[in-house]
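Asker:
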Amino acid sequence: MNGLLTKIKNLIGLSTTKTKPEEEQPPKNMSEVIERLPESYLDYIDDEKPYRRAAAIVFIAIVLGMGTPLWYHTTRTYRAPFSTFPEEQTISLDIRVHLVVTNGSLVEEMNVLTEMMLEKFAENEVRTPLNISWSVHNEGVKSLKSLDARKDSEGDPLEVFLAVVSPEEWAYFSATNVFLDRGRWALVQYTADRSKMEERLRSLIWE
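First residue of the sequence shown: 1, per UniProt numbering; consecutive thereafter.
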């Protein structure tokens, strides 16, 4: 009966657990843990401190000794001595635009757009020492099959090949205005809106 009452008191907090005299109280913090360490172990730690400090210094020296040359070697590109251009020196680039249409009814319209594009190119800001010269060559009418037959990409890298395709011949999604083929020709869907058409051509050439 007494045992049952003791358990009930323990459950409701009316009874306090007493530590036996021979039992040691657990440490409350790290300081007490260190204080309870054997004296011999504390002496051992004190004897080891110089070696641990020396090991840390050696490790830092190795990291600096090996890491600094490695860092210098991997970042030498950023310190490359680039020669500056003289003020009077210029770099001239001749960019040729080859323009074809797939329908004869678009030839006259392309002539007008060519003049408009050349004017826009002249207005674009080009930083010195670059000097870009633009030229547009209208190559008339060519069929899509003849363009598809030429899969090679040979030629001057400063040449741009654009083919304006009429909406009737456009074989791609109607919302797609530009199609870059595997060959050198970029296909552009024609629109009667000159400003949109000019923007499509100019963005392809300039970008």
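Here a beta-carbon is modelled for each residue, glycine too, at the ideal position from N, C-alpha and C. This one's a predicted model, so the numbers in the text were calculated from it and none came from an experiment.
Which residues bound the alpha helix (DSSP H) around Phe179?
Answerer: Counting from 1 along the sequence shown, the entry for residue 179 is found at position 179. Premise fails: Phe179 lies in the beta strand (DSSP E), 178–180, not in any alpha helix (DSSP H).
Asker: Whose C-alpha, out of Asp181, Val188, Arg184, Gly67, is nearest the C-alpha of Ala175?
Answerer: Against the sequence shown, residue 175 aligns to sequence position 175. Residue Val188 is the option with its Cα nearest to Ala175.
Asker: Near Leu147, which residues of its chain fall below 6 Å by C-beta distance, leaving aside the five closest residues on each side in sequence?
Answerer: Along the sequence shown, one-based indexing puts residue 147 at 147. Ala163, Trp185, listed in sequence order.
Asker: Quick one: using the 10 Å Cβ neighbour count with 16 as the cut-off for buried, is Ser195 buried or exposed?
Answerer: Within the sequence shown, numbered from 1, the residue matching residue 195 stands at position 195. Ser195 comes out exposed.
Asker: Note the first and the last residue of the continuous beta strand (DSSP E) segment covering Asp94.
Answerer: Here residue 94 is taken as the residue at index 94 of the sequence shown, counted from 1. Element bounds for Asp94: 91–101.
Asker: Is it buried or exposed, Thr128, if we count other Cβ atoms within 10 angstroms and call 16 or more buried?
Answerer: Sequence index remark: in the sequence shown, residue 128 carries index 128 (1-based). Classification for Thr128: exposed.
Asker: Out of Ile91, Trp71, Asn177, which one is the CA nearest neighbour of Ser133?
Answerer: On the sequence shown, position 133 is the one that residue 133 refers to. For Ser133, the nearest C-alpha among the options comes from Ile91.
Asker: I'd like the span of the alpha helix (DSSP H) that includes Phe161, first residue to last.
Answerer: Locating residue 161 in the sequence shown gives position 161, counting from the first residue. It is not in any alpha helix (DSSP H) - Phe161 instead sits in the beta strand (DSSP E) that spans 159–165.
Asker: Report, in whole angstroms, the separation of the C-beta atoms of Ser135 and Arg96, which I expect to be a contact under 8 Å.
Answerer: For this step, residue 135 is matched to residue 135 along the sequence shown. For this step, residue 96 is matched to residue 96 along the sequence shown. Contact holds; Cβ gap of about 5 Å.
Asker: For Phe121, does the count of other Cβ atoms within 10 angstroms reach 16, so buried, or fall short, so exposed?
Answerer: Residue numbering aside, residue 121 sits at position 121 when the sequence shown is read from its first letter. Its Cβ being crowded by 16 or more others within 10 Å, Phe121 is buried.
Asker: Would Gln89 be called buried (16 or more neighbouring beta carbons within 10 Å of its own) or exposed?
Answerer: Position 89 of the sequence shown, counting from 1, holds the residue named residue 89. The residue in question, Gln89, is exposed, as its Cβ has fewer than 16 Cβ neighbours within 10 Å.
Asker: Exposed or buried, Val100, counting other C-beta atoms within 10 Å across all chains shown (16 or more means buried)?
Answerer: Taking the first residue of the sequence shown as position 1, residue 100 is located at position 100. Buried, since its Cβ has 16 or more Cβ neighbours within 10 Å.
Asker: Identify every residue that forms a DSSP beta bridge with His137.
Answerer: Translated into the one-based positions of the sequence shown, residue 137 becomes position 137. Note: His137 sits in a beta bridge opposite His98.
Asker: Kindly indicate the opening and closing residues of the alpha helix (DSSP H) around Leu42.
Answerer: For the purposes of this step, residue 42 is identified with residue 42 of the sequence shown, where counting begins at 1. Note, Leu42: alpha helix (DSSP H), 39–74.
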